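Each position in the sequence shown, counted from 1, maps to that position plus 333 in the working numbering. Glycine included, each C-beta is placed from N, C-alpha and C at the ideal position. Just so you know, these numbers come straight off a predicted model, no measurement behind them.
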Amino acid sequence: DLPDSLASLQLYAFSGCSSLKEVFIPESTTVIGPFVFSNCTNLTAIWVDESNPKWSSDEFGVLYNKDKTLLEKVPDMFAGYYTIADTVTHISIDAIRGCKGLTGLTIPDSVTFIDECVVSERSAVTAVHYTGTEEQKNALRMIRAEMAQAEKRPVLLHGVTGSGKTEIYMQVIAEVLAK
């Protein structure tokens with residue numbers, strides 16, 4: 334356990350600590366910097382005191398901010414498929430990097446920002462499911478209906494950068510290639 338008076342965990346505080354198996358973050362720790370638990374290859378859970386005003390953990394020992402809008406870290410030794418809380422809007426850069434046992438991930442449509450390099454080459458993730466926004470679901474229905482027509486026509490999606498057009502195109506391509 335960390336000391337009850339510990340106010341912050343700074344950049345790389347436990348990074349590379351292979352002997353760290355579980356950690357309990359006390360109420361007093363309100364600052365957790367980036368990469369604090371990076372490369373903690375035997376870390377199975379990050380538990381947070383329920384009274385902590387800034388941080389929380391779920392039943393699997395996954396670290397979130399208090400209101401669960403930020404996914405901060407899935408422990409490196411997490412095994413199996415994980416569904417991110419449907420309140421999350423941001424996935425941190427170190428959230429799932431190094432999770433050798435994480436085989437799949439569901440990303441809810443509430444997510445609007447994913448830091449670059451979220452999945453590393455050491456990850457075992459083989460399936461990612463993104464639920465998509467209502468607009469994306471409607472666009473997919475429209476494209477599928479158009480593809481079912483005898484006379485094929487080009488389909489162009491309009492939207493600003495980051496609106497999810499590429500995700501729609503990737504899903505359509507995967508469906509076509511699967512046929």
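(1) Name the two residues that bound the continuous beta strand (DSSP E) containing Leu403.
(2) Using 8 Å for Cβ pairs, my map puts Thr436 next to Thr459. What's the rounded Cβ distance?
(3) Sort out for me which residues DSSP pairs Ala412 with in a bridge.
(4) Three or more beta-carbon pairs under 8 Å between the region 414–434 and the region 362–379, yes or no?
(5) Can you find a C-beta in chain D that's less than 8 Å from the C-beta of Thr459?
(6) Would Ala483 be called buried (16 or more neighbouring beta carbons within 10 Å of its own) or exposed?
(7) Just the Cα atoms here: how many angstroms apart are Met475 and Leu396?
(8) May I have the straight-line CA-CA distance separating Leu473 from Lys498, to the nearest angstrom?
(9) From the DSSP output, in three-state form, read off Pro509 for me.
(10) Rounded to a whole number of angstroms, what is the C-alpha to C-alpha distance between Ala346 and Met503?
Reading off the structure:
(1) Position 70 of the sequence shown, counting from 1, holds the residue named residue 403. Per DSSP, Leu403 belongs to the beta strand (DSSP E) from 403–406.
(2) As a first step, residue 436 is located in the sequence shown; it is residue number 103 there, counting from the start. As a first step, residue 459 is located in the sequence shown; it is residue number 126 there, counting from the start. Sure, about 6 Å apart at Cβ, within 8 Å.
(3) If you number the sequence shown from 1, residue 412 lands on position 79. BP columns for Ala412 point to Gly434.
(4) yes
(5) The chain labelled as chain D is not found in the depicted structure, where only one protein chain is given.
(6) Counting from one through the sequence shown, the residue named residue 483 turns up at place 150. When all chains shown are included, Ala483 counts as exposed.
(7) By one-based count along the sequence shown, residue 475 stands at place 142. By one-based count along the sequence shown, residue 396 stands at place 63. Taking the straight line from one Cα to the other gives about 38 Å.
(8) As a working note, residue 473 is residue 140 in the sequence shown. As a working note, residue 498 is residue 165 in the sequence shown. Roughly 10 Å between the two C-alpha positions.
(9) As a working mapping, residue 509 is identified with position 176 in the sequence shown. According to the sequence provided, residue 509 is Val. The question's Pro does not apply to it. Correct three-state label for Val509: helix.
(10) Locating residue 346 in the sequence shown gives position 13, counting from the first residue. Locating residue 503 in the sequence shown gives position 170, counting from the first residue. Each residue's Cα considered, the two are about 38 Å apart.
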